[in-house]
Amino acid sequence: MNQFAVQVLTTNVPSGNLGVFFLGQAGFMLKTPSGKLFAIDPYLSNCCERYFGFKRLMPRIVEPSELKLDALVISHGHYDHFDPDSVPVMLSGTKTALIAAKDVQAECERLGLNGDITYLACGETAEHGELRVTGVPCDHGELAPDALGLLIEVEGKTIYYMGDTAYRPDYLENPALKNVDLLLLPINGAFGNLNEEQAAKVIDALAPKLAVPCHYWNFAEHGGNPGVFKDQMEKIAPTRSYLLMRQGEGILI
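In the numbering used here, the protein residues as written are 46 to 298.
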(Lines of atoms letter the chains of each structure in order from A and count residues from 1; the text may use other names and numbers.)
(Lines give C-alpha, C1' and ligand atoms only; values in the text may rest on other atoms or scores of the structure.)
Protein backbone atom coordinates (compact mmCIF):
# COMPACT_ATOMS: atom_id res chain seq x y z
CA MET A 1 0.00 0.00 0.00
CA ASN A 2 1.45 3.37 -0.97
CA GLN A 3 2.13 6.28 1.35
CA PHE A 4 -0.97 8.30 0.48
CA ALA A 5 -3.32 5.36 1.01
CA VAL A 6 -1.71 4.70 4.38
CA GLN A 7 -2.06 8.37 5.27
CA VAL A 8 -5.78 8.37 4.51
CA LEU A 9 -6.44 5.13 6.35
CA THR A 10 -4.49 6.13 9.45
CA THR A 11 -5.74 9.71 9.72
CA ASN A 12 -7.91 10.05 12.80
CA VAL A 13 -10.86 12.36 12.12
CA PRO A 14 -12.25 13.71 15.40
CA SER A 15 -15.99 13.86 15.99
CA GLY A 16 -17.53 16.94 14.42
CA ASN A 17 -14.79 17.17 11.80
CA LEU A 18 -14.34 15.98 8.23
CA GLY A 19 -11.07 14.95 6.60
CA VAL A 20 -10.41 16.43 3.15
CA PHE A 21 -7.55 15.19 0.94
CA PHE A 22 -6.43 16.69 -2.38
CA LEU A 23 -5.77 14.13 -5.12
CA GLY A 24 -4.58 16.63 -7.71
CA GLN A 25 -6.37 17.97 -10.81
CA ALA A 26 -9.95 18.36 -9.51
CA GLY A 27 -10.05 15.27 -7.29
CA PHE A 28 -10.70 15.15 -3.55
CA MET A 29 -11.33 12.52 -0.90
CA LEU A 30 -13.47 12.91 2.21
CA LYS A 31 -13.16 10.88 5.40
CA THR A 32 -15.67 10.88 8.26
CA PRO A 33 -14.96 10.19 11.94
CA SER A 34 -16.51 6.74 11.48
CA GLY A 35 -14.04 5.98 8.68
CA LYS A 36 -16.37 6.33 5.71
CA LEU A 37 -14.50 7.31 2.54
CA PHE A 38 -15.91 9.29 -0.36
CA ALA A 39 -14.11 10.51 -3.49
CA ILE A 40 -15.04 13.36 -5.82
CA ASP A 41 -13.83 13.34 -9.45
CA PRO A 42 -10.56 11.42 -8.91
CA TYR A 43 -8.27 11.34 -11.95
CA LEU A 44 -5.88 8.47 -11.24
CA SER A 45 -4.72 7.27 -14.66
CA ASN A 46 -3.06 8.56 -17.81
CA CYS A 47 -6.13 8.11 -20.00
CA CYS A 48 -6.27 11.77 -21.08
CA GLU A 49 -2.92 11.38 -22.78
CA ARG A 50 -4.06 8.25 -24.58
CA TYR A 51 -7.35 9.76 -25.76
CA PHE A 52 -6.48 13.44 -26.20
CA GLY A 53 -2.70 13.86 -25.96
CA PHE A 54 -2.91 15.64 -22.59
CA LYS A 55 0.14 14.36 -20.75
CA ARG A 56 -0.03 14.05 -16.97
CA LEU A 57 2.56 16.36 -15.39
CA MET A 58 1.91 15.53 -11.74
CA PRO A 59 2.47 11.96 -10.51
CA ARG A 60 -0.37 9.65 -9.56
CA ILE A 61 -0.35 9.46 -5.78
CA VAL A 62 -2.52 6.38 -5.37
CA GLU A 63 -3.71 3.39 -7.38
CA PRO A 64 -7.49 3.13 -7.80
CA SER A 65 -7.39 -0.41 -6.42
CA GLU A 66 -6.18 1.01 -3.08
CA LEU A 67 -9.23 3.21 -2.60
CA LYS A 68 -11.87 1.20 -0.77
CA LEU A 69 -14.59 3.80 -1.13
CA ASP A 70 -18.08 3.92 0.28
CA ALA A 71 -19.16 6.24 -2.53
CA LEU A 72 -17.71 7.78 -5.66
CA VAL A 73 -19.16 11.14 -6.73
CA ILE A 74 -18.72 12.41 -10.31
CA SER A 75 -19.65 15.92 -11.51
CA HIS A 76 -19.61 15.20 -15.27
CA GLY A 77 -18.36 12.85 -17.93
CA HIS A 78 -15.10 14.48 -19.07
CA TYR A 79 -12.29 11.98 -18.59
CA ASP A 80 -10.29 14.07 -16.10
CA HIS A 81 -13.37 13.81 -13.84
CA PHE A 82 -14.89 10.49 -14.90
CA ASP A 83 -11.73 8.46 -15.42
CA PRO A 84 -12.72 5.42 -17.53
CA ASP A 85 -9.53 3.57 -16.61
CA SER A 86 -10.01 4.01 -12.86
CA VAL A 87 -13.76 4.09 -12.22
CA PRO A 88 -14.33 0.40 -13.08
CA VAL A 89 -11.57 -0.57 -10.65
CA MET A 90 -13.01 1.59 -7.86
CA LEU A 91 -16.46 0.10 -8.43
CA SER A 92 -15.24 -3.49 -8.59
CA GLY A 93 -15.80 -4.08 -4.88
CA THR A 94 -19.20 -4.78 -3.42
CA LYS A 95 -19.74 -1.69 -1.29
CA THR A 96 -18.91 1.32 -3.47
CA ALA A 97 -21.87 3.37 -4.70
CA LEU A 98 -21.66 5.75 -7.65
CA ILE A 99 -23.47 9.10 -7.63
CA ALA A 100 -22.90 10.83 -10.95
CA ALA A 101 -24.22 13.47 -13.32
CA LYS A 102 -26.55 11.95 -15.87
CA ASP A 103 -24.10 12.47 -18.75
CA VAL A 104 -21.99 9.71 -17.15
CA GLN A 105 -24.64 7.09 -17.90
CA ALA A 106 -23.49 6.50 -21.47
CA GLU A 107 -19.92 5.90 -20.28
CA CYS A 108 -21.08 3.51 -17.56
CA GLU A 109 -23.07 1.54 -20.11
CA ARG A 110 -20.09 1.47 -22.50
CA LEU A 111 -17.90 0.12 -19.71
CA GLY A 112 -20.51 -2.41 -18.58
CA LEU A 113 -20.80 -0.92 -15.10
CA ASN A 114 -23.74 -1.76 -12.89
CA GLY A 115 -24.60 -1.93 -9.23
CA ASP A 116 -25.52 0.87 -6.85
CA ILE A 117 -25.54 3.74 -9.37
CA THR A 118 -27.56 6.96 -9.15
CA TYR A 119 -27.63 9.42 -12.04
CA LEU A 120 -28.23 12.97 -10.91
CA ALA A 121 -29.78 15.94 -12.72
CA CYS A 122 -29.67 19.55 -11.64
CA GLY A 123 -31.95 20.09 -8.66
CA GLU A 124 -32.02 16.43 -7.70
CA THR A 125 -30.60 14.95 -4.48
CA ALA A 126 -29.10 11.53 -3.85
CA GLU A 127 -28.21 10.01 -0.49
CA HIS A 128 -25.88 7.20 0.49
CA GLY A 129 -25.72 6.62 4.22
CA GLU A 130 -24.57 9.85 5.81
CA LEU A 131 -23.66 11.39 2.43
CA ARG A 132 -26.13 13.74 0.71
CA VAL A 133 -25.38 15.15 -2.76
CA THR A 134 -27.48 17.76 -4.59
CA GLY A 135 -26.88 18.81 -8.18
CA VAL A 136 -26.68 22.58 -8.63
CA PRO A 137 -26.20 24.59 -11.85
CA CYS A 138 -22.86 25.07 -13.52
CA ASP A 139 -21.92 26.28 -16.99
CA HIS A 140 -19.34 24.07 -18.67
CA GLY A 141 -20.41 24.95 -22.17
CA GLU A 142 -22.22 23.17 -24.98
CA LEU A 143 -19.98 20.08 -24.86
CA ALA A 144 -21.10 19.28 -21.30
CA PRO A 145 -24.66 20.59 -20.88
CA ASP A 146 -25.43 18.11 -18.09
CA ALA A 147 -22.35 18.91 -16.01
CA LEU A 148 -23.16 19.71 -12.39
CA GLY A 149 -21.95 21.66 -9.49
CA LEU A 150 -22.36 19.59 -6.33
CA LEU A 151 -23.62 20.59 -2.92
CA ILE A 152 -22.29 17.88 -0.62
CA GLU A 153 -23.49 17.43 2.96
CA VAL A 154 -21.78 15.01 5.33
CA GLU A 155 -20.94 14.94 9.03
CA GLY A 156 -22.73 18.26 9.57
CA LYS A 157 -20.48 19.97 7.00
CA THR A 158 -21.48 21.50 3.67
CA ILE A 159 -19.11 21.49 0.70
CA TYR A 160 -19.80 23.32 -2.53
CA TYR A 161 -17.86 21.59 -5.30
CA MET A 162 -18.28 23.87 -8.30
CA GLY A 163 -17.06 21.29 -10.81
CA ASP A 164 -16.00 22.67 -14.17
CA THR A 165 -17.75 25.97 -14.69
CA ALA A 166 -17.47 29.36 -16.32
CA TYR A 167 -18.08 32.57 -14.40
CA ARG A 168 -21.83 32.93 -13.85
CA PRO A 169 -22.58 35.54 -11.18
CA ASP A 170 -26.29 34.80 -11.50
CA TYR A 171 -25.73 31.25 -10.23
CA LEU A 172 -24.11 32.63 -7.08
CA GLU A 173 -27.36 34.18 -5.88
CA ASN A 174 -28.55 30.81 -4.55
CA PRO A 175 -28.50 31.24 -0.74
CA ALA A 176 -27.69 27.53 -0.26
CA LEU A 177 -24.24 28.18 -1.77
CA LYS A 178 -23.25 30.97 0.59
CA ASN A 179 -21.18 30.59 3.77
CA VAL A 180 -20.49 26.89 3.18
CA ASP A 181 -17.82 25.13 5.21
CA LEU A 182 -15.68 24.44 2.14
CA LEU A 183 -15.71 25.76 -1.42
CA LEU A 184 -13.77 23.82 -4.08
CA LEU A 185 -13.38 25.58 -7.42
CA PRO A 186 -11.28 25.58 -10.62
CA ILE A 187 -8.83 28.35 -11.49
CA ASN A 188 -7.40 27.18 -14.82
CA GLY A 189 -9.33 29.58 -17.06
CA ALA A 190 -9.48 27.24 -20.06
CA PHE A 191 -12.10 24.89 -21.52
CA GLY A 192 -14.95 26.91 -20.01
CA ASN A 193 -13.59 27.21 -16.48
CA LEU A 194 -13.05 30.03 -14.02
CA ASN A 195 -9.71 31.80 -14.20
CA GLU A 196 -7.82 33.04 -11.15
CA GLU A 197 -9.50 36.46 -11.06
CA GLN A 198 -12.98 35.05 -11.53
CA ALA A 199 -12.38 32.47 -8.80
CA ALA A 200 -11.44 35.25 -6.39
CA LYS A 201 -14.67 37.08 -7.28
CA VAL A 202 -16.68 33.91 -6.60
CA ILE A 203 -15.01 33.45 -3.23
CA ASP A 204 -15.67 37.05 -2.28
CA ALA A 205 -19.34 36.72 -3.26
CA LEU A 206 -20.00 33.39 -1.52
CA ALA A 207 -17.90 33.99 1.62
CA PRO A 208 -17.14 30.35 2.43
CA LYS A 209 -15.44 29.47 5.67
CA LEU A 210 -12.58 28.09 3.56
CA ALA A 211 -11.91 28.01 -0.19
CA VAL A 212 -9.52 25.60 -1.94
CA PRO A 213 -8.67 26.07 -5.64
CA CYS A 214 -8.03 23.14 -7.97
CA HIS A 215 -7.73 22.24 -11.65
CA TYR A 216 -4.17 23.39 -12.26
CA TRP A 217 -0.68 21.93 -12.89
CA ASN A 218 -1.82 18.51 -14.09
CA PHE A 219 -1.92 19.28 -17.83
CA ALA A 220 0.04 21.91 -19.73
CA GLU A 221 -3.05 22.57 -21.88
CA HIS A 222 -5.26 23.44 -18.90
CA GLY A 223 -3.36 26.40 -17.49
CA GLY A 224 -3.98 27.77 -14.01
CA ASN A 225 -1.49 29.52 -11.74
CA PRO A 226 -1.89 29.40 -7.94
CA GLY A 227 0.50 32.35 -7.62
CA VAL A 228 -1.77 34.49 -9.77
CA PHE A 229 -4.75 33.25 -7.77
CA LYS A 230 -3.02 34.28 -4.55
CA ASP A 231 -2.41 37.77 -5.96
CA GLN A 232 -6.04 38.07 -7.06
CA MET A 233 -7.27 37.00 -3.63
CA GLU A 234 -5.17 39.72 -2.00
CA LYS A 235 -6.61 42.25 -4.44
CA ILE A 236 -10.27 41.19 -4.61
CA ALA A 237 -11.07 39.17 -1.47
CA PRO A 238 -8.41 39.94 1.15
CA THR A 239 -10.67 39.05 4.07
CA ARG A 240 -11.71 35.62 2.77
CA SER A 241 -9.99 32.43 3.91
CA TYR A 242 -8.36 30.13 1.37
CA LEU A 243 -5.75 27.39 1.27
CA LEU A 244 -3.44 26.24 -1.52
CA MET A 245 -3.26 22.48 -1.00
CA ARG A 246 -0.40 20.39 -2.33
CA GLN A 247 -1.20 17.10 -4.01
CA GLY A 248 -1.69 14.47 -1.30
CA GLU A 249 -2.24 16.98 1.50
CA GLY A 250 -5.02 16.39 3.99
CA ILE A 251 -6.81 18.84 6.28
CA LEU A 252 -9.61 18.76 8.82
CA ILE A 253 -12.63 21.02 8.57
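Cβ atoms here follow ideal geometry from the backbone N, Cα and C, with glycine treated the same way.
6 Å Cβ shell around residue i - same chain, five flanking residues per side excluded
i: residue 235; result: 267 and 268
i: residue 243; result: 212
i: residue 257; result: 229, 288 and 290
i: residue 181; result: 194 and 196
i: residue 169; result: 180
i: residue 84; result: 74, 114 and 117
i: residue 78; result: 58 and 60
i: residue 216; result: 182
i: residue 294; result: 67
Delimiting residues of the beta strand (DSSP E) encompassing residue i
i: residue 241; result: First-last for residue 241: 241-251, but that is the alpha helix (DSSP H), not the beta strand (DSSP E).
i: residue 198; result: 194-199
i: residue 181; result: 176-181
i: residue 202; result: 202-206
i: residue 256; result: 256-259
i: residue 66; result: 64-69
i: residue 61; result: From DSSP, residue 61 is part of no beta strand (DSSP E); its letter is neither H nor E.
i: residue 231; result: 227-231
Test item: CB-CB of residue i and residue j under 7 Å
i: residue 141; j: residue 156; result: no
i: residue 228; j: residue 205; result: yes
i: residue 149; j: residue 109; result: no
i: residue 225; j: residue 271; result: no
i: residue 281; j: residue 249; result: yes
i: residue 165; j: residue 114; result: no
i: residue 255; j: residue 223; result: no
i: residue 130; j: residue 93; result: no
i: residue 199; j: residue 175; result: yes
i: residue 69; j: residue 292; result: yes
i: residue 186; j: residue 120; result: no
i: residue 132; j: residue 49; result: no
i: residue 146; j: residue 184; result: no
i: residue 64; j: residue 56; result: yes
i: residue 152; j: residue 122; result: yes
i: residue 126; j: residue 86; result: yes
Own chain, CB closer than 7 Å to residue i, minus 5 neighbours either side, in chain order
i: residue 167; result: 180, 181, 182 and 193
i: residue 273; result: 241
i: residue 105; result: 89
i: residue 102; result: 262, 263, 264 and 265
i: residue 62; result: 78, 297 and 298
i: residue 260; result: 70, 71, 231, 232, 233, 238, 267 and 269
Endpoints, the alpha helix (DSSP H) within which residue i is located
i: residue 190; result: Here residue 190 belongs to no alpha helix (DSSP H), and DSSP marks it neither H nor E.
i: residue 275; result: 271-281
Problem set entry | Those runs of the beta strand (DSSP E) which lie wholly inside the region 74-103 and span at least 3 residues | Within the region 74-103, complete beta strand (DSSP E) segments of at least 3 residues are found at 82-85, given in chain order.
For this session: Would you mind listing the beta strand (DSSP E) stretches within the region 107-171 that are 3+ residues and don't spill past its ends, in chain order?
Result: Listed in chain order, they are 116-119, 142-146 and 162-165.
Exercise. Quick one: any contact between the region 73-80 and the region 91-106, if contact means 3 or more CB pairs under 8 Å?
Worked result: Below 8 Å, too few C-beta pairs join the region 73-80 and the region 91-106 to call them touching: fewer than three.
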